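Accompanying notes for the structure given below.
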């Protein structure tokens, strides 16, 4: 096996594929990258749950395949000069890398030892602009659960209905929903759940451009095809939360606020909250004013921001981190906060009455003896 490739091209390819390489595994080959040189160069990484296969331009002299330890390979290529790298593999899988005056010889293994990535047999396909998909994932992935006792919620629900894509994440404390109208799709009305770990990699790979990402849905796996890269993941099976029933249909109070101003207030109050001294923030909604207050062993903090609306003195407690993550993800500078009581969920929606996003945060119990 022998091929030559520009350093920048090779480094980009192995960096992308390495995102799904197992950092530590009892199966050594899973800590490696599969290089398959034939018509160009194909690089694959696979941890038995999620795999990435990316294609690079390369001048192939002799076809073949080899598995190389991912971490070592990336370190070597990164440090080489910005020139053409020539990779040669002998019959004993000794890999020789030459670039300029630099030469490395490292041991590889047979490409036949590398597990084959799942073949996603097409059942449905969906096309989404790359920048929209990246935004949707970014706006919802923070609410994916890390609780393995409910595996279905460690992923995001994708729903396609009448050319509208809805993505929902829940973790038992928050709900994040984003909705986008698609120009055209061959996918029938369908729903499926994609692991959060796979979506995190899609978000990193995707660029802020209008190129199309093709999503192929198979019986047990799903594939995201971006330019020259495919990400393949298993689908999560189980019954996802009926999120529509979880969202309050009637709300007593509707408050309009500037998202950035509210983030600044919560961040300031959060300065005296840490992991050892957890304390909720108390939000008090009055006429055109929202007061934010907290008390910890370090002291107390108060802040205020102007709002539009009257909460009639409603008091409600929140986990400061959950509130900040929700506000930071919200894709609008002006938001509407919907409330019912101090023990009911808080819902954040657009001010233009569209249904493009919805966030819900469950309140936390607050004490009445903190001097407020």
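In the working numbering, the protein residues as written are 501 to 872.
In this text, a Cβ means the ideal position worked out from N, Cα and C, and glycines have one as well.
Quick caveat, the model's predicted, so the values are computed rather than measured.
According to DSSP, simplified to helix, strand and coil, what is residue 573? Reading the chain shown from its first residue, position 73 is the one you call residue 573. Residue 573 falls in the helix class under three-state DSSP.
Exercise. Can you tell which of 720, 534, 699 has the C-alpha that lies nearest to the C-alpha of residue 726?
Worked result: By one-based count along the chain shown, residue 726 stands at place 226. Among 720, 534, 699, the Cα nearest to that of residue 726 is on 699.
Taking buried to mean at least 16 other C-beta atoms within 10 Å of its own C-beta, is residue 553 buried or exposed? To locate residue 553, count along the chain shown from 1; it is residue 53. Buried.
Residue of 831, 617, 529, 540 minimising C-alpha distance to residue 722: Start at 1 with the first residue of the chain shown, and residue 722 comes out as number 222. Selected option, being the one with the closest Cα: 617.
Exercise. Is the distance from the Cβ of residue 694 to the Cβ of residue 656 below 7 Å?
Worked result: As a first step, residue 694 must be located in the chain shown, where it is residue number 194. As a first step, residue 656 must be located in the chain shown, where it is residue number 156. Closer than 7 Å, so yes.
* Asked: Run through DSSP, which three-state label would residue 644 get?
  -> As a working mapping, residue 644 is identified with position 144 in the chain shown. DSSP places residue 644 in coil when its eight states are reduced to three.
*Nearest to residue 563 (by Cα), restricted to the options 610, 513, 502*: Residue 563 sits at position 63 when you count from the first residue of the chain shown. That would be 502, whose Cα lies nearest to the Cα of residue 563.
I need the straight-line Cα distance from residue 812 to residue 743, nearest angstrom please. Here residue 812 refers to the residue found at position 312 when the chain shown is read from its first residue. Here residue 743 refers to the residue found at position 243 when the chain shown is read from its first residue. Taking the straight line from one Cα to the other gives about 29 Å.
Practice prompt. Please report how far the alpha carbon of residue 734 lies from the alpha carbon of residue 572, in whole angstroms.
Written response: As a working note, residue 734 is residue 234 in the chain shown. As a working note, residue 572 is residue 72 in the chain shown. Going by the C-alpha atoms only, they are around 28 Å apart.
Q.
For the region 627–635 against the region 581–597, do three or more pairs of beta-carbon atoms, one drawn from each stretch, fall closer than 8 Å, so that the two count as touching?
A. no
- Task: Go ahead and label residue 863 buried or exposed: buried means 16 or more other beta carbons lie within 10 angstroms of its beta carbon, across all protein chains shown.
- Result: Counted from its first residue, the chain shown places residue 863 at position 363. So residue 863 ends up on the buried side.
Using DSSP's beta-bridge definition, name the partner residues of residue 650.
By 1-based counting over the chain shown, the position of residue 650 is 150. According to DSSP, residue 650 bridges with nothing at all.
Should residue 858 and residue 849 be called a contact, given that it needs their Cβ atoms to be closer than 7 Å? Translated into positions along the chain shown, residue 858 becomes position 358. Translated into positions along the chain shown, residue 849 becomes position 349. Yes; because the gap between Cβ atoms is below 7 Å, this pair is in contact.
Open item on the list: So, under 8 Å CB-CB, residue 866 and residue 817 are touching, yes? Tell me the CB distance rounded to an integer number of Å.
Closed with: For the purposes of this step, residue 866 is identified with residue 366 of the chain shown, where counting begins at 1. For the purposes of this step, residue 817 is identified with residue 317 of the chain shown, where counting begins at 1. 4 Å between Cβ atoms; contact.
Point to revise | Counted within 10 angstroms of its Cβ, other Cβ atoms place residue 639 as buried (16 or more) or exposed | key: As a first step, residue 639 must be located in the chain shown, where it is residue number 139. Buried.
Please classify residue 601: is it buried, with 16 or more other beta-carbons within 10 angstroms of its beta-carbon, or exposed?
In the chain shown, counting from the first residue as 1, residue 601 sits at position 101. Residue 601 is exposed by the Cβ-count criterion.
If contacts are defined as beta-carbon pairs under 8 Å, then residue 535 and residue 565 qualify, I think. What distance do you get, rounded to the angstrom?
Taking the chain shown and counting its residues from 1, one reaches residue 535 at position 35. Taking the chain shown and counting its residues from 1, one reaches residue 565 at position 65. So it is a contact: roughly 6 Å between Cβ atoms.
Query raised in the report: Skipping 5 residues on each side, what residues in its chain have a beta carbon closer than 7 Å to that of residue 763?
Result: By one-based count along the chain shown, residue 763 stands at place 263. The answer, listed in chain order, is 824, 827, 828.
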